[in-house]
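Counting in the working numbering, the sequence shown runs from 61 upward without gaps.
Glycine included, C-beta positions come from ideal geometry on N, C-alpha and C.
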Amino acid sequence: MEIKAIRGTKDILPKNSQIWCFIEGKAKGLCELYGYRQIRTPLLEEARLFARSIGEATDIVQKEMYSFLDRKKRLLCLRPEATASVVRAYLEHGLDKSAHLAKFYYFGPMFRAERPQAGRLRQFHHIGVEAIGSLSPYLDAEVISLAVKILQEIGLEGFSVQLNSIGCRKDRQKYKLILRKALKNKLKLLCCDCHSRYKVNLLRIFDCKNVACKKVTRRLPSIVDSLCPQCRGHFFKVKQILNSLNISYTLNPHLVRGLDYYTKTCFEFVHPHLGAQNAVGAGGRYDDLVSDLGGPEKPAVGFALGIERLIAAIAPGKEAEQANKIFPSLYVAVIGDEARQLAFKTLHSLREQGIFCEMDYHDKSLKGQMRQADKLRAKYVAILGETELKKEVVILRDMQNKSQKEVKIDKLAEELK
Ligand SMILES: [Zn+2]
Ligand SMILES: [Zn+2]
């Protein structure tokens, strides 16, 4: 067919969906164990929600948003991430009034209109959590430990937690002045992109992959030295709690996260298998976002994990290993049309009793049906021919040891259980 999936989007076929269900299932169980509850927000939002939260000057808002005018000329967009949507929903439904602390988790697709490349899709998927309403450093440690637990439970090995604090807005203003001063005479050493970052989104220069830029940024002063006593104390406490939980982390003073709403603790989960796009997830505090979006002062912290990245990072071969582990308990093979009618009725009643069973939909020969049952790895085959039809029985064949016996049709469920 000439119509194909849009570039940068991907079909997840049944043979690959098992690992998705596995990862989401583990994450769901753990999030709920930690007291987080599921939220589902629309994929479509007003574009200004993200301009106001992520920041006008960020790459996401400037170049990567899937935004468009709808028929009523409203500027809408497909969400590039979920944090701002969750905060919008939190405020819209007055959850800031009813709950002291609100803890959410979500799964779902996010969209960025960037050039598709290895490890980057236009529609990609996140698992994330948001805890809104507390400044407690225990909450920072909780979300980090929850993410680590998810990564461990899905079998990811060799990842590391990169940790930093970027302080409050005042600290960042102070740090930006120091950075500008330090960079003033080195501008000619930086790439084009970094030149524009220098003007509009200074902290983003630390994310530049350019070797020459890295050489310069490596020697720049660290933001940690610009933290006020309160932010410094908060960061100290977060590290102390993580130590007490034996969660290891690497301090990365140049981890700054490019989004405007981050404050204090920020972190990334990196994995060596992934090359340049080596983060499987990231997160941090965003103490000002709720008030920036018109709500009260509600400090918050969260993270998001990229499901495609997780799958790529889990040792190769796991995808196939996870695939297709569900096999039918029974395959009903028939001879003749009357038998087919009864077989389908039997299938219907067995399914109502929770038994996974299959039959042929192609008028195959008995031999063909047996081959199909083998291919589906059915545990038993029930053969229903003219003779059996008269006696209201089937010949039930154990596909493993090849033994068979006659079983009354109405006793089939019992026999299989
Ligand atoms: Zn501060
Ligand atoms: Zn650069």
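Item, Value
"Beta-carbon contacts of Met125 that lie in its chain and below 6 Å, excluding the five residues immediately before and after", "Cys137, Pro140"
"Asn270 CB to nearest heavy atom of ligand 2 below 7 Å", "yes"
"Gly227 CB to nearest heavy atom of ligand 1 below 7 Å", "yes"
"Beta-carbon gap between Ala364 and His186 smaller than 8 Å", "yes"
"Three-state secondary structure (DSSP) of Tyr322", "coil"
"DSSP state of Tyr235 mapped onto helix, strand, coil", "helix"
"Test item: CB-CB of Val189 and Cys81 under 8 Å", "no"
"Rounded separation between Glu202 and Arg437 - CA only", "43 Å"
"Sequence-distant residues of the same chain with beta carbon closer than 8 Å to Tyr96, five excluded per side", "Lys163, Phe164, Tyr165, Val189, Ala191, Leu206"
"Rounded separation between Asp267 and Ala339 - CA only", "12 Å"
"Residue from Gln183, Glu106, Cys228 with nearest C-alpha to Tyr346", "Cys228"
"Residue burial classification, Met459 (beta-carbon count within 10 angstroms, cutoff 16)", "buried"
"From Cys291, Leu334, Pro332, Lys297, residue whose alpha carbon lies closest to that of Tyr322", "Cys291"
"Cys273: CB within 7 Å of a non-hydrogen atom of ligand 2", "yes"
"Nearest-angstrom Cα separation, counted from Pro102 out to Asn224", "32 Å"
"Contained beta strand (DSSP E) runs [length at least 3] in the region 427 to 464, N- to C-terminal order", "440 to 444, 453 to 458"
"Cβ neighbours of Gln413 in the same chain (closer than 6 Å, five flanking residues each side left out)", "Ala473"
"Cut-off 7 Å between Cβ atoms - residues of its own chain near Val276, not counting five sequence neighbours on either side", "Lys246, Leu249, Leu250"
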